[in-house]
Structure formats: structure tokens, C-alpha cells
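S.K.: What follows is a single structure, and I will ask about it in a moment.
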Amino acid sequence: MQREVALLTPENIYVRYRVAGLASRFLARLIDVLIQFLLLVVVNGLLLLVQKRLNVLHLGLADISDAIAALLIFAIVFVYAVFFEMLWGGRTPGKRLLGLRVVRDGGRPITLLASVIRNALLFVDLGILPPIYVVGFPAFLFLFLSPSCKRIGDYAAGTLVIVEEDLTLAANTQPTVSKEVERFMGVVKNLDRLTPEEYQLIRRFLTRRETMSLAAFAGTADGLARPLLAKLEIDTPIYYQLQFAHLLEAIVRRYADERGLL
Numbered sequence: 021m022q023r024e025v026a027l028l029t030p031e032n033i034y035v036r037y038r039v040a041g042l043a044s045r046f047l048a049r050l051i052d053v054l055i056q057f058l059l060l061v062v063v064n065g066l067l068l069l070v071q072k073r074l075n076v077l078h079l080g081l082a083d084i085s086d087a088i089a090a091l092l093i094f095a096i097v098f099v100y101a102v103f104f105e106m107l108w109g110g111r112t113p114g115k116r117l118l119g120l121r122v123v124r125d126g127g128r129p130i131t132l133l134a135s136v137i138r139n140a141l142l143f144v145d146l147g148i149l150p151p152i153y154v155v156g157f158p159a160f161l162f163l164f165l166s167p168s169c170k171r172i173g174d175y176a177a178g179t180l181v182i183v184e185e186d187l188t189l190a191a192n193t194q195p196t197v198s199k200e201v202e203r204f205m206g207v208v209k210n211l212d213r214l215t216p217e218e219y220q221l222i223r224r225f226l227t228r229r230e231t232m233s234l235a236a237f238a239g240t241a242d243g244l245a246r247p248l249l250a251k252l253e254i255d256t257p258i259y260y261q262l263q264f265a266h267l268l269e270a271i272v273r274r275y276a277d278e279r280g281l282l
């Protein structure tokens, strides 16, 4: 049975995702393990060559080479997943090949802290049963029983693995609107004067709210909204800076609703 979850986007639109199941996550993990194994083989071969060279030269740097080897092995085994999840937005090579992505519970992009937590707890998920590095008994049990197919690390980090190619709008689900946005939607007008480029600019800005500080978000919203107040001839009081963001969201929602856009 396929498991699904409806997540709320920054534009207050519900999107339904299919949750990655045990089989797809296992295969993605297996691919990553194979890549890590190959990296370990290559690194080990290079280190052996270096150590032999050092022994021939009698430089006495064996301790340093051992320390470098330990750091490289640690990076391949423990930093690998965090590095790629930050580089590719929640995807390791294995997840990327299978169309999977790690996101936070609300559908937001994964953060460095969340990635570190979920991957640091991987050893707990793997347990002590073979095959120890691919999937252990705790991970299998949690993935099988969890309604959203989460392992222990996912619960601790507040993350979810989804099938990104299977995105659809949630059927029969009405998007929620804050009271502030709802108020501004009632005064927004003259949207025929808003260009598609301006609409896309505002929409992209709103999707970045989680990556910006509150002050930066409110300040940028102020700069974007003030010219539109005059252009669209919207006459409404603005009592504090963050309300400009609410006005922009109302403009985007009204524009999208009138034109059948997302």
C-alpha cells in the first residue's frame, strides 16, 4: 500500500507526496554504500602507496599518514550523506538516482542541523544485525511500522523521505490562509497591471522565507511591496513591516486564482 502525506507549501498550497517506502530507501542506501565502499578502496590504495613511499624515504611520517587515513575514512563513512544532502537539497547519489529527497516535516528544505542529526543516529537505526551498514533491524522495524515510513533518525531530526517525481496537488484539500492574508486579498485589485515577471519574482521571494532572517524577509518584502501599492492603486493601511509580506502573498494568491496558476 502506498503511503502519502500532504504538505503545505510556502504559498499556503497543499501538495501531496508519496512517501518513499522500504524498498526504494533500501536500494538508495545500497547504492550509497557501494559508492562509499569504492571510495574506501580507492583511498586505502592511495594511502598504501603513500605509506610505502614514506617508508622508502625513511621520513618517519607514519603517524601523520595514519591520522589522515582516519580522517578520510570518517569523512567517507559519516560525512558522506550530510555533504550530499546539503549539496543536492536532501539527496545523496543513491536518492538522486531513485528520485528520492529528504525534506523537513513541513515540506521545507532540509537544514544542516537536521541532516547531521538524522545521519548521526544512523548507527542506532542499523543496530547490530547484518547486513549492518545497509539496513539493520531497528531501521527495518521503524520504516515498516511508521505511517510516514520514518526511521529513528527521521523522527529525531523531523525529516521525511519523499518521492519527488510523484508530486500532485492534494485533492479536495483547501489551502489555508492566515487572517492577515485574507484581509489583504479583499483589497487587492488591478492585477491586470501585474506582469508575469513580477508575479514570478514575488513567488520566488515567498519560497525563500525559510532561508532568510525575519528582519531580512520583512525588509525585502517592504521593498517589493511599496511600488506595487502605487502601481495597483491599493489603498490599505500597513501597520508594521511584516504586513508587506502578507500583502505580497495576497497578491500572488489572487493572481494565481484568477489565472488558474499554482
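Going by the numbering used here, the sequence shown runs without a break in its numbering and finishes at 282.
Quick reminder that beta carbons are idealized off the backbone N, C-alpha and C, glycines included.
Bear in mind that the values here come from a model prediction, so they are computed numbers and not experimental data.
Mind checking whether residue 268 and residue 209 have CB atoms under 8 Å apart?
M.R.: Along the sequence shown, read from residue 1 onward, the residue named residue 268 stands at position 248. Along the sequence shown, read from residue 1 onward, the residue named residue 209 stands at position 189. Cβ atoms of residue 268 and residue 209: not closer than 8 Å.
S.K.: Mind checking residue 139: buried by the 16 CB within 10 Å criterion, or exposed?
M.R.: For the purposes of this step, residue 139 is identified with residue 119 of the sequence shown, where counting begins at 1. Buried, since its Cβ has 16 or more Cβ neighbours within 10 Å.
S.K.: What residue does the alpha helix (DSSP H) around residue 244 start on, and which one ends it?
M.R.: Here residue 244 corresponds to residue number 224 of the sequence shown, with the count starting at 1. Unbroken alpha helix (DSSP H) run through residue 244: 234-251.
S.K.: According to DSSP, what are the bridge partners of residue 112?
M.R.: Residue 112 sits at position 92 when you count from the first residue of the sequence shown. In the DSSP output, where bridge partners are listed per residue, residue 112 has none listed.
S.K.: Beta-carbon separation of residue 261 and residue 276 under 8 Å?
M.R.: Translated into positions along the sequence shown, residue 261 becomes position 241. Translated into positions along the sequence shown, residue 276 becomes position 256. Not in contact: residue 261 and residue 276 (Cβ atoms no closer than 8 Å).
S.K.: Let me check one thing: in DSSP terms, what residues is residue 214 bridge-paired to?
M.R.: Residue numbering aside, residue 214 sits at position 194 when the sequence shown is read from its first letter. Answer by DSSP bridge pairing: none, since residue 214 is not bridged.
S.K.: Using a Cβ distance threshold of 8 Å, determine whether the stretch 90-105 contacts the stretch 165-174, with at least three qualifying pairs required.
M.R.: No contact exists between the stretch 90-105 and the stretch 165-174.
S.K.: Using only the alpha-carbon positions, how far apart do residue 272 and residue 219 sit?
M.R.: Position 252 of the sequence shown holds residue 272. Position 199 of the sequence shown holds residue 219. Roughly 6 Å between the two C-alpha positions.
S.K.: When DSSP labels each residue in this structure, what does residue 62 get in the three-state scheme?
M.R.: The residue given as residue 62 occupies position 42 in the sequence shown. Looking at residue 62 - three-state DSSP - the assignment turns out to be helix.
S.K.: I want to check one thing, is the minimum distance from the CB of residue 258 to the heavy atoms of the ligand GDP below 7 Å?
M.R.: This structure lacks the ligand GDP, and indeed carries no ligand of any kind.
S.K.: Can you tell me the Cβ-Cβ gap for residue 118 and residue 48, rounded? I've got them flagged as a contact below 8 Å.
M.R.: For the purposes of this step, residue 118 is taken as residue 98 along the sequence shown, with counting starting at 1. For the purposes of this step, residue 48 is taken as residue 28 along the sequence shown, with counting starting at 1. Rounded, the Cβ-Cβ distance is 5 Å, consistent with contact.
S.K.: CB residue 122 to CB residue 114, shorter than 8 Å?
M.R.: The residue given as residue 122 occupies position 102 in the sequence shown. The residue given as residue 114 occupies position 94 in the sequence shown. No, the Cβ-Cβ distance between residue 122 and residue 114 is not below 8 Å.
S.K.: Beta-carbon of residue 209 versus every beta-carbon of chain C: anything under 8 Å?
M.R.: Absent here is chain C; the protein component of the structure consists of one chain.
S.K.: Could you please give the first and the last residue of the uninterrupted alpha helix (DSSP H) stretch that includes residue 274?
M.R.: Residue 274 sits at position 254 when you count from the first residue of the sequence shown. Segment 263-279, the alpha helix (DSSP H) holding residue 274.
S.K.: Determine the burial state of residue 112: buried for a count of at least 16 other Cβ atoms within 10 Å of its Cβ, exposed for fewer.
M.R.: Taking the first residue of the sequence shown as 1, we reach residue 112 at position 92. When all chains shown are included, residue 112 counts as buried.
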